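See structure below.
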Amino acid sequence: MGRYTIRPLNPADPMVNLVQALLVLQEIDADLFTVNRELERLPEERERRQAALDAEQAKIEQIHAASQARQVRVKEMEDTVVVQQQRMRKLEKESLSARDVSVVEACRYEMRGLRRQIDEGEREAFSCVELIEADTTEVAALKDRLAAAQTEFTEYSANVETELGQATARQEDLQSKRDARLSKDIDVNTLALYDRLLLARGGEALAPLDGGVCQACYIQVPPNLSVRLARGKDVIQCSSCDRILYLA
Numbered sequence: 046m047g048r049y050t051i052r053p054l055n056p057a058d059p060m061v062n063l064v065q066a067l068l069v070l071q072e073i074d075a076d077l078f079t080v081n082r083e084l085e086r087l088p089e090e091r092e093r094r095q096a097a098l099d100a101e102q103a104k105i106e107q108i109h110a111a112s113q114a115r116q117v118r119v120k121e122m123e124d125t126v127v128v129q130q131q132r133m134r135k136l137e138k139e140s141l142s143a144r145d146v147s148v149v150e151a152c153r154y155e156m157r158g159l160r161r162q163i164d165e166g167e168r169e170a171f172s173c174v175e176l177i178e179a180d181t182t183e184v185a186a187l188k189d190r191l192a193a194a195q196t197e198f199t200e201y202s203a204n205v206e207t208e209l210g211q212a213t214a215r216q217e218d219l220q221s222k223r224d225a226r227l228s229k230d231i232d233v234n235t236l237a238l239y240d241r242l243l244l245a246r247g248g249e250a251l252a253p254l255d256g257g258v259c260q261a262c263y264i265q266v267p268p269n270l271s272v273r274l275a276r277g278k279d280v281i282q283c284s285s286c287d288r289i290l291y292l293a
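If you read the sequence shown in the numbering used here, its first letter stands for residue 46, the second for the next number, and so on.
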């Protein structure tokens, strides 16, 4: 028999018919569950990769902003040094022309302070220039890497669109098969239980019982459940994982 095919029914054994109908439904739903997970995974993975690209772009912008701030600081320090040097020249003239010793000493004292400030400013400006050069090199490397990653992402995103289209078509086909296979042998309450377990147990709502052991969770079920399952009168669930049991 092909996939998703119900075996010939036994009118004298409605529980067997129910189990067969559920097994066919679960076979479809297992494939449907896989497709649905793929339809969730593909966009999530694409979003994760896009977020990584956005983070790289943000890093580039952050470094660029810091570099611009350093450039502004360098310009401020250069302007300050120019003013301080002008003040130095003025003080030198004053000290040379002054006859009062106290005035000369005051000029020399201020000039010493200005020299320290100029030296400190020039050192800081030089340090900023080195950082700006390092930033420029890093930004260039990051831009090259980002451009390559964006090219790769564009190709990847196109493939994702193709895969999503194929998965959606597969989902629609499986859903159509599922609707067609919904059997009158499955009553409303059992179908509701089955659907709930399908979601709770990752696409596997049924489990065979072999030797008194549930083959889904591998837990020994109480003997009375095995006896009730063998009688074939009721829908029996595993006492551990809640899956609907059937005899292997």
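C-beta: ideal position from N, C-alpha, C; glycine also.
Computed from a predicted model, the values in this text were never measured in an experiment.
Boundaries of the beta strand (DSSP E) in which residue i is found, first to last residue
i	result
D255	L251 to D255
Y291	I289 to L292
Best match in the options for proximity to residue i [C-alpha to C-alpha]
i	options	result
Q129	R118, R157, A151 and S221	R157
A194	Q107, L98, D76 and D255	L98
K120	Q102, F78, G166 and E90	G166
T181	I105, E169 and I73	I105
V64	S285, C286, S284 and A275	A275
H109	E183, N234 and E197	E183
Y154	P59, V280 and M133	M133
R160	K229, V126, M60 and V149	V126
G257	S285, L227, K278 and R82	S285
Extent of the continuous alpha helix (DSSP H) to which residue i belongs
i	result
Y201	V146 to R226
R246	Where R246 is concerned, there is no enclosing alpha helix (DSSP H), given that its DSSP letter is neither H nor E.
Inter-residue spacing [alpha-carbon to alpha-carbon] between residue i and residue j
i	j	result
L270	A261	16 Å
N62	R86	36 Å
A214	V80	10 Å
R273	E249	22 Å
R94	A100	10 Å
T199	E208	14 Å
Q116	Q102	21 Å
L219	A75	10 Å
P268	C283	12 Å
D224	I73	10 Å
S202	T196	10 Å
N55	L244	Model confidence at N55 stands at a pLDDT of 46, short of 50, so the residue's coordinates are unreliable; what they give is reported in the following sentence. Rounded to whole angstroms, N55 to L244 spans 29 Å at the Cα level.
S228	M60	13 Å
V205	A252	34 Å
V280	A237	13 Å
E150	E169	29 Å
D124	L187	32 Å
R246	L191	41 Å
F78	R118	59 Å
Residue i - DSSP class collapsed to helix/strand/coil
i	result
V258	strand
V61	helix
A143	coil
I231	coil
Any C-beta of chain D under 8 Å from that of residue i
i	result
N204	Here there is only one protein chain, and chain D is not present.
Ignoring anything shorter than 4 residues, give me the alpha helix (DSSP H) runs that lie fully in the segment 264-290, in order along the chain. 268-276
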